Amino acid sequence: ENENYIDAITLYRALIKALSLIGEPLDVIKERKIKFSSVFPIVRGKLYLKMPYKMISCSDRHKEKELRKIDYIDSEVLQKVSPPYVLECRKDGDYLNGKIKLNNNYLESYGKRVVLYKNRMDRLNNSADIYSVPAFMPDGEVGFLATDWNKSLDKALKLLGLLGIGKERNLGYGRFSVIGINDIDFSFPSKEYRYVTGRAYAEGNYIAERLEKVQIIGGDISPVFHSVLILLPTGSLVKETKPIVLSLIHISEPTRQA
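Going by our numbering, the residue at position 25 of the sequence shown is 87; the numbering climbs one at a time, nothing skipped.
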């Protein structure tokens, strides 16, 4: 993937392919009764979520840069404080919203970008063309959130472990083993906000660190053309909005650990 994480859309497409290979119906997925999040890191058995929009309060410029690098945070921390989020540096450590001291409960990333080199053969001219493809490689356990999980998806997920996910499956990349499928009890402290667990298009009020305006065809039932919509990145907070959804779900759902 040309991203620094594994996106929900990649997972969604892969599961549809796997269901078709094992002959299972696609109705539940196509009707969007089941929604998937992007992939998040699992560290020491805990789910880490992409840090929502944050403000920095720090007079130390070096420390301020370090705080801005925080990308993922222990989901248990997010259950204790409500937005807006403020990261503050003090003499005795770093704090979230002045209440929770940050120790080792955050990550800058959960993997790394790598470059894969390939060789395209031109047999007609007897020449080779070497080119590169960027990819993201997780460095530990990862998981994703889903609604209404069932046995068919269990089978599809295990098949994907053998086949791999992503563009470079034919080279043996993207394979994994399923460690477990567990329910997670996550209660977002502020009921007025929803957390975007995958890329989503939305209208209304939102908080995000970066926004992209795109031209798409959107709509939950009938496709309706919208000239400009807002693409919300994973980890955005949405408030009082009528969303046009690709993968926007509440977080109080089962998590799938792979």
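For glycine and all other residues, C-beta sits at the position ideal for the given N, C-alpha and C.
On a predicted model such as this, the values are computed, not experimentally measured, just so you know.
- If you draw a straight line from the Cα of R256 to the Cα of V300, it is about 5 Å long.
- With 16 or more other Cβ atoms from the protein chains shown falling within 10 Å of its own Cβ, G205 counts as buried.
- In this structure Y134 touches K112 by the C-beta definition: roughly 6 Å separates them, less than 8 Å.
- Take V258, set aside five residues on each side of it, and the residues of its chain with a beta-carbon closer than 7 Å to its own are L294, T296, G297, S298, V300 and L310, in chain order.
- Taking a C-beta distance under 9 Å as the contact criterion, I104 and V139 do not qualify as a contact pair.
- DSSP places G226 outside both helix and strand once states are collapsed to three, so it counts as coil.
- Remark: C-beta atoms of A208 and I96 approach each other more closely than 9 Å.
- For N244, the closest C-alpha among the options R123, K153, K108 and H124 is that of K108.
- Taking all protein chains shown into account, V101 has 16 or more neighbouring C-beta atoms within 10 Å of its C-beta and is therefore buried.
- Straight across, the Cα-Cα distance linking G236 with R152 is about 41 Å.
- One thing to note: G260 has its Cβ no nearer than 9 Å to the Cβ of A76.
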